[in-house]
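Q: Residue numbers (full-length UniProt numbering): 1 to 653.
Glycine is no exception: its CB is placed at the ideal position from the N, C-alpha and C atoms.
Owing to the predicted nature of the structure, the values given are computational and were not obtained by experimental measurement.
Have a look at this one.
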Amino acid sequence: MTEQSPALQNLLTENRTFPPDADFSAQANAKADMYDKADSDREAFWAEQAERLHWDTKWTQVVDWSNAPFAKWFVGGKLNVAYNCVDRHVEAGFGDQVAIHWVGEPGDTRDITYAELKDEVCRAANALLSLGVRPHDRVAIQLQMIPEAIFAMLACARIGAMHSVVFGGFSPTALRSRVDDAEAKIVITSDGQYRRGKAAPMKANVDEALEGAESVEKVIVVRRTGDDVPWKEDRDLWWHELTGAQSTEHKPEAFDSEHPLYILYTSGTTGKPKGILHTSGGYLTQVAYTHQNVFDHKPGEDVYWCTADIGWVTGHSYIVYGPLANRATQVVYEGTPNTPHEGRHWEIIQQHKVSIYYTAPTLIRTFMKWGDEIPAKYDLSSLRVLGSVGEPINPEAWVWYREHIGGGRTPVVDTWWQTETGGIMISPLPGVTATKPGSAQRPLPGISAKVVDDSGNEVPHGGGGYLVLDKPWPSMLRGVWGDDERFKETYWSRFSSQGYYFAGDGAKYDNDGDIWLLGRVDDVMNVSGHRISTTEVESALVSHPTVAEAAVVGASDPTTGQGIVAFVILRGSAADGGEQAVQELRNHVAKEIGPIAKPRQIMMVPELPKTRSGKIMRRLLRDVAENRQVGDVTTLADSSVMELISAGLKSGK
Ligand code: ATP
Ligand code: MG
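Structure, rendered in structure tokens:
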């Protein structure tokens with residue numbers, strides 16, 4: 001047997017584990033035997049999961065993979081996604097249950113029951129029909145986190161139209177490219193949105209974006225801030241006038257299991273966003289199954305809160321489709337976490353007795369930076385499951401989260417997945433898994449993933465390489481909108497002889513065979529022939545008590561090939577310690593993972609460039625580290641961050 005060189009060095013070790021609590025396990029939805037059951041007959045397992053939905057016509061085949069990589073799930077089945085998320089709960093007698101506790105940024109609130117949700121969705125569906133929207137038509141939605149965003153998405157699903165949700169904070173250019181790519185017929189937006197206590201215009205941006213956009217027939221505007229907006233008489237309609245005039249009755253039509261549900265563009269962390277296509281039956285099955293088991297969700301008992309934006313896939317799968325299919329009662333919050341104060345999330349959890357909270361590492365590290373004393377002021381005892389998604393979570397942030405938010409008591413589930421996978425793929429199961437800070441651990445029952453080397457061979461325990469998905473899964477993407485070649489090229493060409501889906505992420509197995517995500521393959525650094533992951537060096541930095549956040553890139557280096565350059569944000573209480581602090585951090589990394597990973601350079605910065613979904617954009621930092629003109633910043637949450645960083649570096653701060 002030939003020795004395969006690992007695609008990634010495996011450096012950082014983490015030995016803490018948290019076994020499940022016996023009382024929790026006794027009541028948990030997930031059971032340990034699900035893994036074996038799913039392994040022994042995957043198709044039977046998924047067929048059983050699909051039974052949680054209402055099918056108007058039952059499928060005849062679980063999966064058809066004969067035309068790989070184009071999958072069909074629950075072939076021949078027919079269902080209505082919106083009916084499954086709304087009407088059937090009302091019909092089952094839960095019309096009075098609150099579906100959404102909506103919390104506006106300025107403090108206004110609205111509780112929406114399932115019966116009210118049904119009325120709102122039906123009105124919106126009738127409104128879209130009245131405008132001539134038909135199955136397969138595309139509707140672009142650029143809205144902030146207001147209930148109408150959810151009504152609009154479900155209304156599209158109900159009539160078989162596809163939505164393409166665009167982040168509320170995106171620029172006119174970003175909106176326009178998505179509207180054009182999908183040839184959207186309708187755009188739904190609002191007059192303006194509250195951001196950090198101020199009303200910012202939205203409609204005016206949309207008008208700018210749609211200048212000369214040929215596909216768009218109508219623009220529907222939700223009134224939120226009440227500010228004056230420019231108006232095009234022949235094109236624009238107020239949401240409240242349009243939907244207010246409609247009936248609350250609408251008979252849902254059953255669509256094919258493979259009927260397209262939506263297009264969603266990826267975050268653009270690594271390059272030009274891709275329009276990911278998702279369909280109906282398999283998608284809804286997997287998001288409902290994962291939402292129930294990964295979060296141990298109990299309808300009618302739990303209060304669930306996913307802090308994602310609706311413009312991100314997490315908002316689609318774990319605010320709209322999964323939770324509503326499972327009859328969740330959930331909090332939807334419009335605003336930013338520090339408006340009007342840095343305890344806003346904890347205040348909301350205390351008030352609504354939130355029991356399941358799902359957020360992103362970027363926010364957890366921000367909370368750490370703001371200080372332990374802020375969450376300590378609130379009663380968080382209702383929490384029983386905490387989740388994380390979006391980036392690898394640094395072990396220190398994981399432990400902080402469990403300790404300071406979860407009271408040292410709650411399971412923490414680190415969920416790995418992508419826009420492309422549609423639903424959670426790798427995650428611990430609360431009540432079953434002994435969790436490890438920083439590791440997503442095992443593919444869920446019914447899911448198969450491997451870590452492989454350059455030639456596609458699985459690496460041994462302790463080894464590192466590329467994460468692949470070696471078997472089709474129900475909520476997998478069905479393509480890249482309008483670009484089959486890009487679909488095949490991006491995901492299926494790297495390991496085409498094995499037929500594996502290439503996720504683009506680096507990963508390793510630990511000695512127990514648990515999976516650790518190591519960041520983007522594009523971001524892997526090569527230092528004197530050693531392939532080092534950005535995640536491990538960042539986690540080593542974050543494990544130092546003065547560091548709140550760190551981003552690491554490989555910058556070209558005449559002697560070592562690449563040198564490690566770190567950008568570090570210090571914690572609230574830590575002063576900028578100058579050269580001495582830099583030396584201490586360099587030595588800390590060397591001690592934690594070895595001298596090879598010692599950063600060549602460490603720069604203290606006030607902020608890091610992040611996408612709107614909260615991911616660090618390392619490619620921009622690489623531009624800074626290599627003294628280049630900074631690249632495309634259109635999907636950045638705040639494009640001024642790059643100027644702040646560059647200016648700070650020039651002035652030597
Ligand atoms: P683009 O593909 O356009 O660059 P993106 O990959 O950031 O954008 P998403 O689909 O939102 O768009 O993000 C998926 C990626 O997020 C994963 O490939 C992975 O890199 C990262 N990720 C998500 N959850 C986790 C997690 N729990 N642990 C580690 N990484 C994660
Ligand atoms: Mg991606």
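(1) Give me whichever residues DSSP pairs with Q193 in a beta bridge.
(2) Between which two residues does the alpha helix (DSSP H) carrying Q49 extend?
(3) How would you call D234, buried or exposed, if buried means at least 16 neighbouring beta carbons within 10 angstroms?
(4) Rounded to whole angstroms, what is the Cα-Cα separation between W370 and M603?
(5) Taking the alpha helix (DSSP H) that R344 falls in, what are its first and last residues?
(6) In this structure, how does DSSP classify D523 when only helix, strand and coil are distinguished?
(7) What's the C-alpha gap between M525 and D512?
(8) Determine contact between the region 582-595 and the region 280-290, defined as no fewer than three beta-carbon pairs at a distance below 8 Å.
(9) The beta strand (DSSP E) spanning M476 covers which residue range?
(10) Closer than 8 Å by C-beta to T307: which residues in its own chain qualify, once you throw out the five before and the five after it? Chain order, please.
(11) Where does Y401 fall in DSSP's three states?
(12) Closer than 8 Å is the cut-off here; do at least three beta carbon pairs connect the region 264-282 with the region 465-483?
(13) With distances taken from CA atoms, which of S164, G197 and A99 is nearest I188?
(14) Under the criterion of a Cβ to heavy atom distance below 7 Å, does T534 qualify as lining ligand 1?
(15) So for P323, helix, strand or coil by DSSP?
(16) Drop a sphere of 10 angstroms on the beta-carbon of G387, count the other beta-carbons inside from all chains shown, and report buried for 16 or more, exposed for fewer.
(17) DSSP three-state label for M604, please.
(18) Less than 8 Å between C-beta atoms, sequence neighbours within five positions excluded: which residues of the same chain meet that for T2?
(19) Figure out for me which residue from V568, S455 and V527 has the closest Cα to the Cα of V547.
(20) Within its chain, find whatever has a CB closer than 6 Å to the CB of residue 668; leave out the 5 residues flanking it on each side and keep chain order.
(21) Provide the residue span of the beta strand (DSSP E) that contains L277, from first to last.
(22) How would you label K653, buried or exposed, when you count the other beta carbons within 10 angstroms and need 16 or more for buried?
(23) When every heavy atom of ligand 2 is checked, does at least one fall within less than 7 Å of the C-beta of Q418?
(24) Using 8 Å as the Cβ pair cut-off and three pairs as the minimum, do the region 293-300 and the region 422-438 touch?
(25) Short check: CB of R42 to CB of G407, under 8 Å?
(26) Under the criterion of a Cβ to heavy atom distance below 7 Å, does T266 qualify as lining ligand 2?
(27) In this structure, how does DSSP classify Q246 when only helix, strand and coil are distinguished?
(28) According to DSSP, is F255 part of a helix, a strand, or is it coil?
(29) Ordered along the chain, which non-local residues of its own chain (more than five positions away) have a Cβ less than 6 Å from that of G614?
(30) Just mark E538 as buried or exposed, buried being the case when its beta carbon has 16 or more other beta carbons within 10 Å.
(31) Short check: CB of A22 to CB of L429, under 8 Å?
(32) Terminal residues of the continuous alpha helix (DSSP H) containing Y378?
(33) My assumption, with CB atoms under 8 Å, is that A127 sits in contact with L242. Please give the rounded CB distance.
(34) Rounded to whole angstroms, what's the CA-CA distance from Q4 to D64? Just pull it up for me.
(35) Please name the residue in A174, D119 and V542 whose C-alpha comes closest to that of P392.
A: Straight from the coordinates:
(1) A200
(2) R42 to A50
(3) exposed
(4) 20 Å
(5) R344 to H352
(6) helix
(7) 26 Å
(8) no
(9) Per DSSP, M476 belongs to no beta strand (DSSP E) and is neither H nor E.
(10) Y333, P337, H345, Y357, Y358, T359, A360 and L363
(11) helix
(12) yes
(13) S164
(14) no
(15) helix
(16) buried
(17) strand
(18) Low per-residue confidence applies at T2: pLDDT is 36, beneath 50, and the placement is therefore not dependable enough to give any value.
(19) V568
(20) Nothing can be reported for residue 668: it is not among the residues displayed for the chain, which extend from 1 to 653.
(21) G275 to T279
(22) Note on K653: pLDDT 42, under 50, position unreliable in the model; the coordinate value appears next. Exposed.
(23) yes
(24) yes
(25) no
(26) yes
(27) coil
(28) strand
(29) A360, T362 and G390
(30) buried
(31) no
(32) No alpha helix (DSSP H) contains Y378, which DSSP labels as neither H nor E.
(33) 5 Å
(34) Confidence at Q4 is low in this model, with a pLDDT of 42, below 50, so the placement of that residue should be treated as unreliable; the coordinate-derived value is given next. So the two alpha carbons sit approximately 34 Å from each other.
(35) V542
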